[in-house]
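Asks: Could you have a look at this structure, given as structure tokens, before my questions?
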Amino acid sequence: MTRARPSGTERGARRGAGGGGRRAKAAVGTGAPGRPAPEGRSPAAVSEVKGGSTSVEHRPLSSGGGVAGLTSNQTARAASGAEALGPPGALSPALERGGAFEALARALPPGAVVFADAKVLRLHPRVAAALVGHRVLRVRAGEALKSLGALEALAASLAGVPRSATFVALGGGTVGDAITVLAHLHKRGVRLLHVPTTMLAAVDSSIGGKGAVNVGGVKNALGVFHGAAETWLCPAFFDTLSEAQRREGRLEAWKMVVTLDEPTFRRWVRVPPSDAVLLRTARALKAAVVDADPYEARGVRVVLNFGHTFGHVLESVSGYRVRHGEAVGLGLLCALDVGVALGVTPAAVARQVEAALPNGPTARRRLAALTRRASVSRVRALLGADKKGGEGGLRMVLLQQPGRWCVMDVPEATWAPRWARGWRRD
Ligand SMILES: NC(=O)c1ccc[n+]([C@@H]2O[C@H](COP(=O)([O-])OP(=O)(O)OC[C@H]3O[C@@H](n4cnc5c(N)ncnc54)[C@H](O)[C@@H]3O)[C@@H](O)[C@H]2O)c1
380 MTRARPSGTE
390 RGARRGAGGG
400 GRRAKAAVGT
410 GAPGRPAPEG
420 RSPAAVSEVK
430 GGSTSVEHRP
440 LSSGGGVAGL
450 TSNQTARAAS
460 GAEALGPPGA
470 LSPALERGGA
480 FEALARALPP
490 GAVVFADAKV
500 LRLHPRVAAA
510 LVGHRVLRVR
520 AGEALKSLGA
530 LEALAASLAG
540 VPRSATFVAL
550 GGGTVGDAIT
560 VLAHLHKRGV
570 RLLHVPTTML
580 AAVDSSIGGK
590 GAVNVGGVKN
600 ALGVFHGAAE
610 TWLCPAFFDT
620 LSEAQRREGR
630 LEAWKMVVTL
640 DEPTFRRWVR
650 VPPSDAVLLR
660 TARALKAAVV
670 DADPYEARGV
680 RVVLNFGHTF
690 GHVLESVSGY
700 RVRHGEAVGL
710 GLLCALDVGV
720 ALGVTPAAVA
730 RQVEAALPNG
740 PTARRRLAAL
750 TRRASVSRVR
760 ALLGADKKGG
770 EGGLRMVLLQ
780 QPGRWCVMDV
790 PEATWAPRWA
800 RGWRRD
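FYI, the numbering for the sequence shown is 380 to 805, going by our numbering.
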């Protein structure tokens, strides 16, 4: 059987991160061109400063397809080395290095402060050995780390650490998110380096510069943009992940391919990708999206929230016992159902995507069990507090076709009855 030619994104993915550093490569997707949202919202004018002059771009606010054409800024900025001119945390493509952590650690600047997931240090004893001579602060990963209290405790131990320091977030997405906020706030901003140790962090949270903490049970209620100067990809960390942890990363990667790269989606349906290909593909797709809309102001980056609206609600109602990746996987099912109910997602597409997602066979049952934990009014309150809510109500990213998406206001009459009856299929 011959294997179909990989798309631009996947070919980039196969090159891997080995050897010296390189800027995260922008993806070249081949999905359908962007179209206005079904409700016919008009294109928005977006001002953008380019090389000292101001130009106005016209681009649909609320829909998209593929990532074609989203790459020029990133390429230009990487080529010009403009990121070197920005302050710590400026959003520009991070330098990506790959290999053994022990080897990469030799390049850590003096005065680096490493915030390391204690579990990772335990599972990978060679990491601590490689960090001798550097300041290492052990942190306990989990949503509790993403809190103002945890940040305050860490900040209290940083007196005397100068603005010239580099903060290293070594761990999964919760370590990355919390330390991103800390790096943004410490002395008004220090250099940040990510060493993602979960698949989820590697495919998603270590790219794009977002950090956040939870407040009052609301996920990511306070957040910052603070880009990493470097990301180190060390595959040996992934050896100690459980199958469930790997699945969480895979789900975020599928989310990107489903919404942004139709040819790769079709290929992955036929031949499931290796984790290495999946990781590189997702990183390239996310980098291209972030580059097109670094501050989520142009209606492009919002696509990354596909599945997150109800994913965050499910995380919250479980008291964060359901982990982010799993909750997003279930949130994707909610988003598909809402899309079908509103006539945006063809039922056959929803079925195909649901079958392709690596949620596992009990996903619908887990979703039903979680809905029993919260009333519609609690969900309404959580949705209202979520940053992705529209001004007048709920606004969600929905799938039109693989590789084509839109943003729509979703009436309560669409989601509430579904939540109330355990989000069973119609
Ligand atoms: N900033 C962003 O753009 C962005 C994007 C997606 C997700 N997120 C955030 O990321 C978080 C979820 O990330 P996560 O799942 O990595 O969370 P996490 O950091 O809590 O890690 C999950 C678990 O894996 C363990 N772990 C870490 N590395 C390991 C290893 N190599 N081997 C074995 N166990 C290991 C951790 O100790 C923890 O128990 C959420 O808070 C989510 O909101 C942020």
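For glycine and all other residues, C-beta sits at the position ideal for the given N, C-alpha and C.
Just reading off the beta strand (DSSP E) that VAL592 is part of, what are its end residues?
Replies: From DSSP, the beta strand (DSSP E) with VAL592 extends over 589-594.
Asks: Do VAL594 and SER526 come within 9 angstroms of each other at the CB atom, strictly closer than that value?
Replies: Yes, these two residues count as a Cβ contact at 9 angstroms.
Asks: Tell me, to the nearest whole angstrom, how far the beta carbon of ARG517 is from that of ALA495; I am working on the premise that it is less than 8 angstroms.
Replies: With a Cβ gap of about 6 angstroms, ARG517 and ALA495 count as contacting.
Asks: Which residues bound the beta strand (DSSP E) around ASP788?
Replies: Where ASP788 is concerned, the enclosing beta strand (DSSP E) stretches over 783-789.
Asks: Hey, is LEU502 close to ligand 1, as in C-beta under 8 angstroms from one of its heavy atoms?
Replies: For ligand 1, at least one heavy atom lies less than 8 angstroms from the Cβ of LEU502.
Asks: Report yes if the C-beta of GLY698 is less than 8 angstroms from at least one heavy atom of ligand 3; otherwise report no.
Replies: Judged by which ligands are present, ligand 3 is missing from the structure shown, whose ligands are ligand 1.
Asks: So is the beta-carbon of GLU622 under 8 angstroms away from any non-hydrogen atom of ligand 1?
Replies: Incorrect: GLU622 has no Cβ contact closer than 8 angstroms to ligand 1.
Asks: Is the separation between the beta-carbon of HIS714 and that of VAL776 shorter than 9 angstroms?
Replies: Per the sequence presented here, residue 714 reads as Ala, with His not at that position. A contact, by the Cβ cut-off of 9 angstroms.
Asks: Run through the region 507-578 for me and flag every whole alpha helix (DSSP H) of 4 or more residues, listed as ranges in chain order.
Replies: DSSP runs (the alpha helix (DSSP H)) wholly in the region 507-578: 527-535 and 552-564.
Asks: Taking the alpha carbon of ARG774 as the point to measure from, which residue in GLY763, GLU531, THR577 and PRO614 has its own alpha carbon closest?
Replies: Looking at the Cα atoms, GLY763 is the closest of the given residues.
Asks: Does ligand 1 have even one heavy atom less than 8 angstroms from the beta-carbon of ALA580?
Replies: Answer for ALA580: yes, Cβ within range of ligand 1.
Asks: Just the Cα atoms here: how many angstroms apart are ARG751 and HIS703?
Replies: Distance between the alpha carbons of ARG751 and HIS703 is about 19 angstroms.
Asks: Quick one: Cα of VAL707 to Cα of HIS687, how far?
Replies: Distance between the alpha carbons of VAL707 and HIS687: 6 angstroms.
Asks: Between the region 665-684 and the region 484-494, can you find at least three pairs of beta-carbon atoms closer than 8 angstroms?
Replies: Counting Cβ pairs under 8 angstroms, fewer than three are found: no touch.
Asks: Kindly give me the distance between the Cβ atoms of GLY551 and SER695, rounded to whole angstroms, as I take these residues to be in contact under 8 angstroms.
Replies: About 19 angstroms separates the two Cβ atoms, so there is no contact after all.
Asks: Can you check DSSP and say which residues form a bridge with ASP496?
Replies: The partner list for ASP496 (beta bridge, DSSP) reads VAL518.
Asks: Put LEU711 into one of helix, strand or coil per three-state DSSP.
Replies: Helix at LEU711.
Asks: From what residue to what residue does the beta strand (DSSP E) around PHE604 run?
Replies: Its beta strand (DSSP E) spans residues 597-604.
Asks: Who are the near neighbours of ARG808 in its chain, counting only those whose CB is closer than 8 angstroms to its CB and skipping five residues on each side?
Replies: Because the chain here runs from 380 to 805, residue 808 falls outside it and cannot be looked at.
Asks: Please return the same chain residues whose Cβ sits closer than 6 angstroms to the Cβ of LEU658, not counting the five positions on each side in sequence.
Replies: Correct list, in chain order: ALA581 and VAL582.
Asks: How long is the line joining the alpha carbons of LEU440 and THR638, rounded to whole angstroms?
Replies: Below a pLDDT of 50, predicted positions are generally treated as unreliable, and LEU440, at 35, falls in that range; the measurement from the model is reported next regardless. Approximately 16 angstroms, taken between the alpha carbons.
Asks: DSSP puts MET635 in a beta bridge; with which residues?
Replies: In the DSSP output, where bridge partners are listed per residue, MET635 has none listed.
Asks: Tell me, please, which residues DSSP counts as bridged to VAL481.
Replies: Residue identity check: residue 481 is Glu in the sequence provided, not Val. Note: GLU481 sits in no beta bridge, so no partner.
Asks: For ARG744, verify whether its CB is less than 8 angstroms away from any heavy atom of ligand 1.
Replies: Outside the cutoff, so no.
Asks: Does the distance between the C-beta of ASP583 and the nearest non-hydrogen atom of ligand 1 fall short of 8 angstroms?
Replies: Yes - ligand 1 has a heavy atom lying nearer than 8 angstroms to the Cβ of ASP583.
Asks: Just to confirm, are HIS605 and VAL574 a CB contact at a threshold of 9 angstroms?
Replies: No, these two residues do not count as a Cβ contact at 9 angstroms.
Asks: Tell me which residue opens and which closes the alpha helix (DSSP H) that ARG774 is part of.
Replies: No alpha helix (DSSP H) holds ARG774; the beta strand (DSSP E) holding it covers 773-780.
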